[in-house]
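What follows is a short report on a single structure.
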Amino acid sequence: MVSGKRIALAPIEMRILRFLFEKQGQISTREQLIEGVWPDPHAVESRTVDVHIGRLRRAFAGLRNLRIRTAYGAGYALDTTIVLPMS
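Position one of the sequence shown corresponds to residue 46 (my numbering), numbered consecutively onward.
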């Protein structure tokens, strides 16, 4: 639960979120996300990241204290005041 809202994420989306939390505020490129998150990075296209980021944004819609920011031409960054358990 985040801010009283139950959030259901696919395993890959949870790994993306953890990756972004570890680099909170820093821009991560699609390539960095693929290398750091997917078990077989060679089987993933860069636009696949965009699909999962979109799902994460929809899952957290309405939460003002968590935002996945797009750095156009560069990648994504997580801006948040939420602290999630990483176990």
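Backbone N, C-alpha and C fix where the C-beta goes; we use that ideal spot for every residue, glycine too.
Keep in mind that this is a model prediction, so the values were computed, not measured.
*Candidates Thr125, His97, Gln71 and Arg102: which alpha carbon is nearest Trp83's?*
His97
*Taking 7 Å as the cut-off, decide whether the C-beta atoms of Glu58 and Leu111 are in contact.*
no
*Determine the burial state of Gly70: buried for a count of at least 16 other Cβ atoms within 10 Å of its Cβ, exposed for fewer.*
exposed
*Tell me, which residues are paired with Thr115 by DSSP?*
Tyr121
_Where Ser91 falls, given that 16 or more other Cβ within 10 Å makes a residue buried_ = Flag for Ser91 reads exposed.
*Taking only the alpha-carbon atoms, compute the straight-line gap between Ala116 and Arg75 and give it to the nearest angstrom.*
Ala116 and Arg75: Cα-Cα distance of roughly 11 Å.
_When you compare the CB positions of Ala119 and Ile52, do they come within less than 7 Å of one another, or not?_
no
*Which partner residues of Ser73 appear in the DSSP bridge assignment?*
Tyr121
*asked:* With the cut-off set at 7 Å, would you say Leu123 and Leu65 are in Cβ contact?
replied: yes
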